[in-house]
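Colleague: This is the structure I have questions about; it appears just below.
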Ligand SMILES: Nc1ncnc2c1ncn2[C@@H]1O[C@H](COP(=O)(O)OP(=O)(O)O)[C@@H](O)[C@H]1O
Ligand SMILES: [Mg+2]
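Residue numbers (this note's numbering): 233 to 542.
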């Protein structure tokens, strides 16, 4: 697998403020990478450096094999960038906006019309192409924004908070669209967000940035189990005939820290793997075990954990 975006100790200082602090980021060909962190963490500043729109204070970046600080045009040719607050020509139709972008990119007229028609369809705006953008909802504008960055057929998409200002349903639909397009077109996507749960399912790898520092980066599934080892084991237990007596005995098992009632059973938060003791306890009581499932920590838990530590 080849690396499409890579940074080496990338940093940006604004006077005394360290907006991005020795950041090492890696995004691989064809993946959707979630660049996560709270507001003010340094996501947008990083993205601006990746596109050559602001100069790093120190460190390097490489995007599609080019240094954005030295060859910004080479990077811009290959990367479609949707900023946090994209602007549109509000008094033009969606079709006109897209065609205008195509002309700016010097795409021949016939080809431009072909692409615009296809893109309006792909982003779900085929029926709205002739409407003024002024009349568009926030969600429709985001769809149009995605179509705009695709006009020049980039290899990479960089989307800065693409779900900002959308309601939960609108956000899900935009993320589904991004996933679909990424698969159809073999695109590499870097997507920033401060809303972890929204992007959780669609990313293979994530990086979490807090106060300019990348505090964790890797595959979502592996990050989960790393935390599991370090922090706690969670088990969901269901038996036929849940009793208070059993609950108390579960509580007194070695390694069980907390017992929380759940439908038909309990969630056990443990400091070690208590499954063997648990099974023998239940058997001794003459009950049958209906379910014993290890609950991996959600990305939300990982995120909160690292936020607290930072
Ligand atoms: N042009 C600028 N001048 C001074 N400070 C800035 C500038 N741009 C961003 N910052 C500061 O840098 C930090 C990171 O901001 P930003 O990259 O926008 O974070 P995020 O996109 O993660 O919300 C913040 O503290 C912000 O106030
Ligand atoms: Mg931002």
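A virtual CB, placed ideally from N, CA and C, is assigned to each residue, including glycine.
Please report the distance separating the alpha-carbon of residue 471 from that of residue 374.
Modeller: Residue 471 sits at position 239 when you count from the first residue of the chain shown. Residue 374 sits at position 142 when you count from the first residue of the chain shown. C-alpha separation (whole angstroms): 48 Å.
Colleague: Mind checking if residue 413 is an interface residue toward chain B, Cβ cutoff 9 Å exclusive?
Modeller: Absent from the structure: chain B. Only one protein chain is present.
Colleague: Please classify residue 340 as buried or exposed, where buried requires at least 16 neighbouring CB atoms within 10 angstroms.
Modeller: For the purposes of this step, residue 340 is taken as residue 108 along the chain shown, with counting starting at 1. By the neighbour-count rule (16 or more Cβ atoms within 10 Å), residue 340 is not buried but exposed.
Colleague: Which value, in whole angstroms, describes the spacing of the CA atoms of residue 435 and residue 525?
Modeller: Taking the first residue of the chain shown as position 1, residue 435 is located at position 203. Taking the first residue of the chain shown as position 1, residue 525 is located at position 293. Each residue's Cα considered, the two are about 24 Å apart.
Colleague: Tell me whether residue 275, by its Cβ, gets closer than 8 Å to a heavy atom of ligand 2.
Modeller: Counted from its first residue, the chain shown places residue 275 at position 43. Result yes, Cβ under 8 Å from ligand 2.
Colleague: Strictly by DSSP, which residues pair up with residue 502?
Modeller: As a first step, residue 502 must be located in the chain shown, where it is residue number 270. Partner(s): 465 and 488.
Colleague: Inspect the CB distances between the segment 421-428 and the segment 391-406 and report whether three or more fall short of 8 Å.
Modeller: Yes, the segment 421-428 touches the segment 391-406.
Colleague: Output needed for residue 417: all residues of its chain with C-beta closer than 6 Å, excluding positions within five of it in sequence on either side, in chain order.
Modeller: Indexing the chain shown from 1 puts residue 417 at position 185. No residues qualify anywhere along the chain.
Colleague: How about residue 357 and residue 379: do their beta carbons lie closer than 9 Å?
Modeller: Walking along the chain shown from the start, residue 357 turns up at place 125. Walking along the chain shown from the start, residue 379 turns up at place 147. In contact: residue 357 and residue 379 (Cβ atoms closer than 9 Å).
Colleague: Is residue 203 near residue 268, with beta carbons less than 9 Å apart?
Modeller: Because the chain is modelled from 233 through 542, residue 203 falls outside the range shown and cannot be assessed.
Colleague: For my contact list, residue 240 and residue 292 are in at a C-beta cut-off of 8 Å; report their separation, rounded to the angstrom.
Modeller: As a working mapping, residue 240 is identified with position 8 in the chain shown. As a working mapping, residue 292 is identified with position 60 in the chain shown. Between residue 292 and residue 240 the Cβ distance is about 5 Å, and since that is below 8 Å, they are a contact.
Colleague: Using a Cβ-based criterion (distance less than 8 Å to any ligand heavy atom), does residue 271 qualify as near ligand 2?
Modeller: As a first step, residue 271 is located in the chain shown; it is residue number 39 there, counting from the start. For ligand 2, at least one heavy atom lies less than 8 Å from the Cβ of residue 271.
Colleague: Per DSSP, which one or two residues make a beta bridge with residue 523?
Modeller: As a first step, residue 523 is located in the chain shown; it is residue number 291 there, counting from the start. Beta-bridge pairing links residue 523 to 470.
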